[in-house]
Ligand code: SF4
Ligand code: SF4
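Structural data, given as structure tokens:
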């Protein structure tokens with residue numbers, strides 16, 4: 550079930566700061582820096598797909614009057630993110646990016662093994 554935008558939820562501080570600085574990217578990192586979620590504000594059309602597919606309720610929609618769409622996705626609980634990548638894979642506009650240090654390391658290990666066994 551799609552979560553409707555709560556009109557009482559204002560633009561989050563990090564989005565406000567990015568807008569004030571003219572930046573189009575907001576990155577929220579976990580306290581151990583192992584995981585981060587980046588929102589590309591310019592590409593987000595506020596469709597809520599990422600909110601719907603996230604199994605950990607990491608994301609929510611917020612009102613963003615500076616966007617023509619009127620809403621944006623916000624990261625509310627980065628510590629809960631399990632880096633499943635569902636939000637990134639399902640976003641139709643490449644507006645959300647997930648980084649996982651653990652997965653990144655596994656990818657590098659696989660590449661190194663493949664290169665060593667050539
Ligand atoms: S799925 Fe993509 S475009 Fe839709 S709200 Fe999430 S980040 Fe924005
Ligand atoms: S990577 Fe998975 S858990 Fe993290 S925000 Fe995206 S959908 Fe949610």
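Numbering (our numbering), first residue to last: 550 to 667. For each residue, glycine too, the CB sits at the ideal point set by N, CA and C. These numbers come from a predicted model, not from an experiment.
For the candidate residues the options, whose alpha-carbon lies nearest to that of residue i?
i           : options            : result
residue 642 : 626, 608, 596, 610 : 596
residue 568 : 653, 626, 582, 589 : 589
residue 579 : 653, 625, 662, 665 : 625
residue 576 : 623, 598, 592, 594 : 623
Straight-line CA distance for residue i to residue j?
i           : j           : result
residue 647 : residue 667 : 31 Å
residue 671 : residue 660 : The first residue shown for the chain is 550 and the last is 667, placing residue 671 beyond what the model contains.
residue 693 : residue 616 : Outside the modelled stretch of the chain, which goes from 550 to 667, sits residue 693, for which no answer is possible.
residue 609 : residue 602 : 11 Å
residue 604 : residue 629 : 10 Å
residue 564 : residue 651 : 27 Å
residue 574 : residue 618 : 17 Å
residue 664 : residue 654 : 15 Å
residue 649 : residue 584 : 5 Å
residue 554 : residue 662 : Low local confidence applies: a pLDDT of 47 at residue 554 is under 50, so the model's placement there is unreliable, and no value is given.
residue 593 : residue 658 : 33 Å
residue 586 : residue 627 : 8 Å
residue 600 : residue 581 : 23 Å
Are the beta-carbon atoms belonging to residue i and residue j less than 8 Å from one another?
i           : j           : result
residue 645 : residue 633 : no
residue 620 : residue 612 : yes
> Mind listing, in chain order, the residues whose beta carbon lies closer than 6 Å to a non-hydrogen atom of ligand 1?
Replying inline: 593, 594, 595, 596, 597, 598, 599, 622, 640, 642, 644, 645
>> Threshold first: 3 residues or longer. Then list the beta strand (DSSP E) segments lying entirely within the region 571–597, N to C.
In response: 574–578, 584–589
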